[in-house]
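Worksheet for the structure shown next.
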Amino acid sequence: MKLLKYISKRIAISFLMILILVTVSFFMVKLIPGSPFTSEKMQAGNKAAIYAYYGLDKPVYEQYLIYLNNLAHGDLGTSYKIRAISVNQIIATAFPYSLDLGLRAIGFALTMGLLLGITAAYQRGKALDTFTMVLAIIGTSVPSFIVGFFIQYIFAVKLKWFPVAQYESLAHTVLPTFALGLGMLAMIAKYTRSSMLEVISSEYVKTADSKGLSKLRIIFVHQLRNALMPVITLLGPTVASVITGTFVVENVFAIPGLGRHYVTSVQNLDYTLITGLTIFFAVLLVMMNLIVDIAYAFIDPRIKLE
Amino acid sequence: MQNDAVGQMLDAELFTLVGVKPDEADHIKRKSQTYFQDAARRFRQNTPSVIGMIFLAALVVFAFFGPLLVKYNYNTADLAAANSDPSAAHWFGTDELGRDMWARVWTGGRISILIGIIAALLQATIGIILGSLAGFVGGKVDEFIMRVVEFLMAFPYLVWVTLMMMVTGSGILPMIMALTLTGWLSMARLVRGQILALKNEDYVLAALSLGAGTRRIILRHMIPNMLGVIIVNMTFAIPNAIFSEAFLSFIGIGIKSPETSWGLLVSIGMKQIYTYPLRLFLPSIFISLTMLSLQLIGDGLRDALDPKLRH
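Going down the list, the protein sequences come from chains A and B.
Letter by letter, the first sequence follows residues 3 to 308 in my numbering.
Letter by letter, the second sequence follows residues 85 to 395 in my numbering.
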């Protein structure tokens, strides 16, 4: 009952947050100087017609209400720059690419990060530990687009092991997955290592050890479950970093995903696409955080449900 | 019986103090170290951080004095010398307009580093003001500020910066403004938390009961105790701002030609990766080195200034 109340409260807060975000981004986009139609040579009459077509001739508050109404019906509007295409259509075609890349990157980062973190904690002070720490520092401080360029240049342009760009076959996915996942991998490895170190020296592990349990059982049943708690909190920020990571990685590798559309929409002043994608990302993130919070409340009985 | 035997062997002389002068026993031989001397000692023992410091110092020196070493301006085109490889005349070669890459790379570095430092300082200022306001005043003010922070933090920082940058327009000052307005969140949170924690410290209570005023408590007790975490937070804010500059320029809404910055050079270099990879690699390597050094310094400072946080 308490959990149910907690969940419904969290959902209400998430909903409110998205509503505020919609409002803020709608009005911020209205504040952007210039217009998406200034670059086009057109007669005054045409311009008025275009403004009327997109509803830009109405007062801003009215545009806002129309936008909210459309949004409530799941309609994010029409792109200003890509003719006759709705933002929903763009998301429908582009999102699968980003989702695929994002899931691969998260999968790669999670498996490698956990593996490195756990082994580093066990090999404390040895070569693998040092390697993990160096990787963690490099992975968190070198921007993903620079990682992207370097591996693109070395493995695709020079060595020709992988295709340079596009996203068609498994071979195409390797480099972008690595570029997008490296930063997350570094974070996860760092967190896992330090929380494993904490757990390794705890009393219940000593008890399990003195009971004569097998090493594997101790690692997976006793240590990892507890060591993973702080790592789970990383999942929210991880999704955020995947989203912003795709902005650059999809550009480096010419992948027709949402991140690439976001960047082009920013360059083109495609207002509806910018707002639409921002809202889409926000909903994705808020939902992810909600799931993480609820999962956390289930997993850790110590958490207070406020 | 045995006790008597032992008693005969021991006499009072065995228990006199040798070589200790009682009136000097509480004298501390070594000079006492201040918090910052102690921190500096700890920092020096941290080899990676010292290496980071040396690298950063070298990068800053080159960024500020490098362009003075050559006779070219970062923006003087010389079409006769366009696209040349590194040589005695042009140490890093020239770009497609014959502009000297050495001058461009280091002038760009100056802009990137300056943006990083100024943005971090301004973010810290706003963060400290709003954070201490929330912590001190509490109540409705605290509630409001923290709700705003929570809301802004729920969505990626880069999305906010991008939106903000589109409103303010491209250029160095607009970028600093956009970075400042979006980057104060973590500092505000940190300062508020510190103030709430320090409020309950015994030494603050002691100062209060000795009659110290709010001003004295803040200046003499709270700020010195928060300084460590504030400095550490700022050290990490600089590479963040440098990264944001690179990101924004990379996607085309940050610094624009004829101005130059590392991010802009990377985004120009990206288009020439097949023909002139050096133009992409130079700024990329320097951005990475700068961020790496700052990260190492930040880690070292955190360990040195805040021993409680060390793991």
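We treat Cβ as the ideally placed atom computed from N, Cα and C, and that holds for glycine.
Checklist entry - Between which two residues does the alpha helix (DSSP H) carrying His174 (chain A) extend? => result Numbered from 1 along the first sequence, position 172 holds the residue referred to as residue 174 (chain A). Unbroken alpha helix (DSSP H) run through His174 (chain A): 172–202.
Next on the checklist: With a threshold of 8 angstroms between beta carbons, is Ala330 (chain B) in contact with chain A?
Outcome noted: Position 246 of the second sequence, counting from 1, holds the residue named residue 330 (chain B). Yes, Ala330 (chain B) counts as interfacial toward chain A.
Checklist entry - When the cut-off is 8 angstroms and only beta carbons count, does Phe327 (chain B) lie next to chain A? => result Position 243 of the second sequence, counting from 1, holds the residue named residue 327 (chain B). It does; some Cβ of chain A falls within 8 angstroms.
Item to check | Bounding residues of the alpha helix (DSSP H) (the contiguous stretch that carries Ser341 (chain B)) | outcome: Taking the first residue of the second sequence as 1, we reach residue 341 (chain B) at position 257. Premise fails: Ser341 (chain B) is in no alpha helix (DSSP H) and is neither H nor E.
Item to check | Thr178 (chain B) - partner residues in DSSP beta bridges | outcome: The sequence position of residue 178 (chain B) within the second sequence is 94, counting from 1. Its beta-bridge partners are B:Asp184.
Next on the checklist: Are the CB atoms of Leu182 (chain A) and Val244 (chain A) within a distance shorter than 8 angstroms?
Outcome noted: The residue you call residue 244 (chain A) lines up with position 242 of the first sequence. The residue you call residue 182 (chain A) lines up with position 180 of the first sequence. A contact, by the Cβ cut-off of 8 angstroms.
Checklist entry - What residue range is occupied by the uninterrupted alpha helix (DSSP H) comprising Met290 (chain A)? => result Numbered from its first residue, the first sequence carries residue 290 (chain A) at position 288. Per DSSP, Met290 (chain A) belongs to the alpha helix (DSSP H) from 273–301.
Checklist entry - What does a CB cutoff of less than 7 angstroms around Met19 (chain A) pick up in its chain, not counting 5 residues either side in sequence? => result Indexing the first sequence from 1 puts residue 19 (chain A) at position 17. Closer than 7 angstroms at Cβ, skipping near neighbours: Val288.
Next on the checklist: Quick check on Val62 (chain A): buried or exposed, where buried means 16 or more other Cβ atoms within 10 Å of its Cβ?
Outcome noted: The residue given as residue 62 (chain A) occupies position 60 in the first sequence. So Val62 (chain A) ends up on the exposed side.
Checklist entry - Can you find a C-beta in chain B that's less than 8 angstroms from the C-beta of Ser204 (chain A)? => result Along the first sequence, one-based indexing puts residue 204 (chain A) at 202. False, the Cβ-Cβ gap to chain B never drops below 8 angstroms.
Item to check | is_contact[Pro258 (chain B), chain A] using C-beta, thresh 8 angstroms | outcome: Mapped onto the second sequence, residue 258 (chain B) falls at position 174. Chain A contact via Cβ: absent.
Checklist entry - By Cβ distance, which residues of its chain are closer than 7 angstroms to Leu280 (chain B), with the 5 residues on each side in sequence left out? => result Your numbering for residue 280 (chain B) matches position 196 in the second sequence. Excluding residues within five positions, the ones whose Cβ falls inside 7 angstroms are Gly219.
Checklist entry - On the three-state DSSP scale, how would you describe Ser243 (chain A)? => result The residue given as residue 243 (chain A) occupies position 241 in the first sequence. Here Ser243 (chain A) sits in helix by DSSP.
Next on the checklist: Output needed for Glu308 (chain A): all residues of its chain with C-beta closer than 8 angstroms, excluding positions within five of it in sequence on either side, in chain order.
Outcome noted: Translated into positions along the first sequence, residue 308 (chain A) becomes position 306. Interpretation of Glu308 (chain A) is limited by its pLDDT of 48, a score under 50 that renders its predicted location unreliable; the figure taken from the coordinates is listed afterwards. For Glu308 (chain A), where only same-chain residues beyond five positions count, the Cβ hits under 8 angstroms are Tyr8.
Item to check | Expected contact under 8 angstroms - CB spacing of Ala147 (chain B) and Gly193 (chain B) to nearest Å | outcome: For this step, residue 147 (chain B) is matched to residue 63 along the second sequence. For this step, residue 193 (chain B) is matched to residue 109 along the second sequence. Contact holds; Cβ gap of about 4 angstroms.
Checklist entry - Glu308 (chain A) CB to nearest chain B CB: under 8 angstroms? => result Here residue 308 (chain A) corresponds to residue number 306 of the first sequence, with the count starting at 1. Interpretation of Glu308 (chain A) is limited by its pLDDT of 48, a score under 50 that renders its predicted location unreliable; the figure taken from the coordinates is listed afterwards. Taking Cβ atoms only, chain B never reaches closer than 8 angstroms to Glu308 (chain A), which makes this a no.
Checklist entry - Can you find at least 3 beta carbon pairs, one from the segment 137–144 of chain A and one from the segment 187–198 of chain A, that sit closer than 8 angstroms? => result yes
Checklist entry - For Leu380 (chain B), which residues in chain A fall below 9 angstroms Cβ to Cβ? => result Position 296 of the second sequence, counting from 1, holds the residue named residue 380 (chain B). Simply Ile139, Ser143.
Checklist entry - CA-CA distance, Thr264 (chain B) and Asn324 (chain B)? => result Here residue 264 (chain B) is taken as the residue at index 180 of the second sequence, counted from 1. Here residue 324 (chain B) is taken as the residue at index 240 of the second sequence, counted from 1. Roughly 12 angstroms separates the two Cα atoms.
Checklist entry - Ends of the alpha helix (DSSP H) at Gly297 (chain B)? => result Looking up residue 297 (chain B) in the second sequence gives position 213. Element bounds for Gly297 (chain B): n/a, residue is neither H nor E.
Item to check | Partner residues on chain B for Phe269 (chain A), Cβ-Cβ distance less than 9 angstroms | outcome: Here the question's residue 269 (chain A) lines up with position 267 in the first sequence. According to the sequence as given, residue 269 (chain A) is Gln; it is not Phe. Gln269 (chain A) reaches chain B at Ile335, Gly336, Ile337, counting residues in chain order whose Cβ is nearer than 9 angstroms.
Checklist entry - What are the partner residues of Ser80 (chain A), as DSSP defines its beta bridges? => result Locating residue 80 (chain A) in the first sequence gives position 78, where the first residue counts as 1. One point to set straight first is that residue 80 (chain A) is Thr, not Ser, in the sequence displayed. Paired residues: A:Ser88.
Checklist entry - Under three-state DSSP, which class holds Glu252 (chain A)? => result What you label residue 252 (chain A) is simply residue 250 of the first sequence in a count that begins at 1. Correct three-state label for Glu252 (chain A): helix.
Checklist entry - Which residues, in order along the segment 181–196 of chain A, keep a beta-carbon less than 8 angstroms from a beta-carbon of chain B? => result Near chain B, meaning a CB-to-CB distance below 8 angstroms, the residues of the segment 181–196 of chain A are Ser196.
Checklist entry - Going by the CB atoms, is the gap between Asp390 (chain B) and Val316 (chain B) shorter than 8 angstroms? => result Stepping through the second sequence from its first residue, residue 316 (chain B) is reached at position 232. Stepping through the second sequence from its first residue, residue 390 (chain B) is reached at position 306. Yes.
Item to check | Buried or exposed by the 16-neighbour rule on C-beta atoms within 10 Å, applied to Met93 (chain B) | outcome: Walking along the second sequence from the start, residue 93 (chain B) turns up at place 9. It is exposed - the Cβ of Met93 (chain B) has fewer than 16 other Cβ atoms within 10 Å.
Item to check | Spatial distance of Ser16 (chain A) from Met290 (chain A) (CA atoms) | outcome: On the first sequence, residue 16 (chain A) is found 14 positions in, with the first residue counted as 1. On the first sequence, residue 290 (chain A) is found 288 positions in, with the first residue counted as 1. The C-alpha of Met290 (chain A) is placed about 11 angstroms away from the C-alpha of Ser16 (chain A).
Checklist entry - So, Met375 (chain B) versus Phe327 (chain B), is the Cβ gap smaller than 8 angstroms? => result Walking along the second sequence from the start, residue 375 (chain B) turns up at place 291. Walking along the second sequence from the start, residue 327 (chain B) turns up at place 243. Yes. Within cutoff.
Checklist entry - Can you tell which of B:Ser196, B:Leu289, B:Ala272 has its C-alpha closest to the C-alpha of Ile339 (chain B)? => result Along the second sequence, read from residue 1 onward, the residue named residue 339 (chain B) stands at position 255. Closest option to Ile339 (chain B), Cα to Cα, is B:Ser196.
Next on the checklist: Is there a C-beta anywhere in chain B that falls below 8 angstroms from the one on Thr246 (chain A)?
Outcome noted: Walking along the first sequence from the start, residue 246 (chain A) turns up at place 244. Cβ-Cβ to chain B under 8 angstroms: yes for Thr246 (chain A).
Item to check | Exposed unless 16 or more other CB atoms sit within 10 angstroms - verdict on His174 (chain A) | outcome: Mapped onto the first sequence, residue 174 (chain A) falls at position 172. Answer is buried; the Cβ neighbour count reaches 16.
Next on the checklist: Please give me, in chain order, every unbroken run of the alpha helix (DSSP H) with length at least 4 that falls completely inside the segment 234–309 of chain B.
Outcome noted: 241–252, 256–267, 269–283, 286–293
Checklist entry - Looking only at its own chain, which residues have a Cβ that is under 7 angstroms from the Cβ of His395 (chain B), when we skip the five neighbours before and after it? => result Reading the second sequence from its first residue, position 311 is the one you call residue 395 (chain B). Caution is warranted here: a pLDDT of 42 is assigned to His395 (chain B), below 50, making its placement in the model unreliable, and the coordinate value is therefore given only provisionally. So the list is empty, once near-sequence residues are dropped.
Checklist entry - Who are the neighbours of Val1 (chain A) on chain B, taking C-beta pairs under 9 angstroms? => result There is simply no residue 1 (chain A) to check, as chain A begins at 3 and stops at 308 in what is shown.
Next on the checklist: Closer than 7 angstroms to a non-hydrogen atom of the ligand GTP - does that hold for the CB of Ser372 (chain B)?
Outcome noted: Judged by which ligands are present, the structure shown has none, so any question about the ligand GTP falls away.
Checklist entry - So Leu143 (chain B) is in the alpha helix (DSSP H); what residue range does that whole segment cover? => result Mapped onto the second sequence, residue 143 (chain B) falls at position 59. From DSSP, the alpha helix (DSSP H) with Leu143 (chain B) extends over 131–153.
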